[in-house]
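Asks: Quick note, the sequence shown lines up with residues 1494 to 1662 if you use the working numbering.
C-beta atoms are modelled at their ideal positions from N, C-alpha and C, and glycine is treated no differently.
First the structure, then my questions, so here it is.
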Amino acid sequence: MLKTKFPVAFICLFFIVTPISAQRLSALTYVKANKDRAIAFMHQFGLPASIILAVAMHESAHGNSKIARHLNNHFGIKGPNRNRRIRSAYKDYESVDESYLDFVHCLQTRPAFQQLFDKYPINDYQSWVKGIARGGYAGSRQWARQVINMIERYHLDELDSIPGQKIMQ
């Protein structure tokens, strides 16, 4: 009798605990939560919203990666980490906004990426992604294709045509 109660209790506990611990963000939830931020940064800095959002989705596993959840790092940017719980080579941020801003700043200030802002129009996401990959942003040879697939799968390029006024700095 005891042998049959244990497996039944274990199975019940599994189904109760699993939904609580497995609440992962879907890609569409991530887009909905972050598209306005990406569009605002596009208008402010001249970097396509599709690029901002697709790179963040790819690098953070739609906000589900450990560094995204605990360090607010949605772009896999390496740097100083003051977080005592998560010891890693990845930079920590006070907020998701700070992570997004640092990504834009990284592309604007590093010589390998600076020229992209003058070279490609805002609606040429494929050239932007390939230029970022050529500049050494990621080590994987498949990175550009994966980011482009993300843009196409979720129609993120539609965000690049949302009207707004570019804020001059």
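Does the beta-carbon of E1651 have 16 or more other beta-carbons within 10 angstroms, so that it is buried, or is it exposed?
Replies: In the sequence shown, residue 1651 corresponds to position 158, counting from 1. With fewer than 16 Cβ atoms within 10 Å of its Cβ, E1651 is classed as exposed.
Asks: What is the C-beta distance between I1544 and W1636, in whole angstroms, given that I count them as a contact (C-beta under 8 Å)?
Replies: The residue labelled residue 1544 in the question sits at position 51 within the sequence shown. The residue labelled residue 1636 in the question sits at position 143 within the sequence shown. Not a contact, Cβ separation roughly 13 Å.
Asks: Within the 8 Å Cβ cut-off, does Y1523 reach chain B?
Replies: Absence of chain B from the displayed structure is noted, only one protein chain being present.
Asks: Going by DSSP, what residue range makes up the alpha helix (DSSP H) through S1592?
Replies: Sequence index remark: in the sequence shown, residue 1592 carries index 99 (1-based). Element bounds for S1592: V1589 to T1602.
Asks: Smallest Cα separation from A1554: which of I1625, F1568 and P1656?
Replies: The sequence position of residue 1554 within the sequence shown is 61, counting from 1. Looking at the Cα atoms, F1568 is the closest of the given residues.
Asks: How many angstroms separate the CA atom of Q1619 from the CA atom of L1546?
Replies: Residue mapping note: residue 1619 aligns to position 126 of the sequence shown, counting from 1. Residue mapping note: residue 1546 aligns to position 53 of the sequence shown, counting from 1. Each residue's Cα considered, the two are about 14 Å apart.
Asks: In the DSSP output, what is Y1583 paired with across the bridge?
Replies: Locating residue 1583 in the sequence shown gives position 90, counting from the first residue. For Y1583, which the question treats as bridged, DSSP gives the partners K1571.
Asks: Contact defined as beta carbons within less than 8 Å: I believe I1615 pairs with G1539. What is the distance between those atoms, to the nearest angstrom?
Replies: For the purposes of this step, residue 1615 is identified with residue 122 of the sequence shown, where counting begins at 1. For the purposes of this step, residue 1539 is identified with residue 46 of the sequence shown, where counting begins at 1. The pair is a contact, with the Cβ atoms about 7 Å apart (cut-off 8 Å).
Asks: If you check the beta carbons only, do N1686 and L1594 fall under 8 Å apart?
Replies: The chain is shown from 1494 up to 1662; residue 1686 falls before or after that span and cannot be answered.
Asks: Quick one: grab the DSSP three-state call for Q1537.
Replies: To locate residue 1537, count along the sequence shown from 1; it is residue 44. Of the three classes helix, strand and coil, the one that applies to Q1537 here is helix, per DSSP.
Asks: Output needed for N1574: all residues of its chain with C-beta closer than 8 Å, excluding positions within five of it in sequence on either side, in chain order.
Replies: Position 81 of the sequence shown, counting from 1, holds the residue named residue 1574. The residues are L1564, R1580, S1581, A1582, Y1583, K1584 and D1585.
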